[in-house]
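Under our numbering, read the sequence shown as residues 462 to 579, first letter to last. Ideal Cβ positions, reconstructed from N, Cα and C, are used throughout, including at glycine. To start, the structure under review is shown below, and the notes come after it.
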Amino acid sequence: QVQLEESGGGLVQPGGSLRLSCLAFGDTFRINLMGWYRQAPGKERELVAQVVSDGRTTYADYVKGRFTISRDNAKNTVYLQMNSLKPEDTAVYYCNFRGTGYPGMDYWGEGTLVTVSS
């Protein structure tokens, strides 16, 4: 079992930056995919960025060049550095850890709210 704890959300002005953190507790040995998703009011949850065990990253088109996902394996933590934030980035951001190939290994944090507004 894995528990995830997100932090770093808040209110920021357009053009500003935030860094989200997701700390994992528990048995992360089989986790090989870590990512961030977001859900804006009235919209479906969508992928923002993900990183796999070999370090390869994937980004949604709307955050390329602005957001960076990274991980610290020693700290069981994944980060999302968000720069040049826009009002349309306002959403609840969720951390996801997954063990692809292992049934049931799909864990979500409770989410952290990011509000981009002047």
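The three-state reading of DSSP puts residue 544 in coil, since its state is none of H, G, I, E or B.
Contact annotation, residue 481 with residue 574: C-beta distance approximately 11 Å; criterion of less than 8 Å not satisfied. The beta carbon of residue 474 sits closer than 6 Å to the beta carbons of 579 from its chain, once the five residues preceding and following it are set aside; these are given in chain order. Here residue 470 really is in contact with residue 554; their C-beta atoms are around 6 Å apart, less than 8 Å. Cβ-Cβ separation between residue 551 and residue 493: approximately 30 Å, too far for a contact (criterion under 8 Å).
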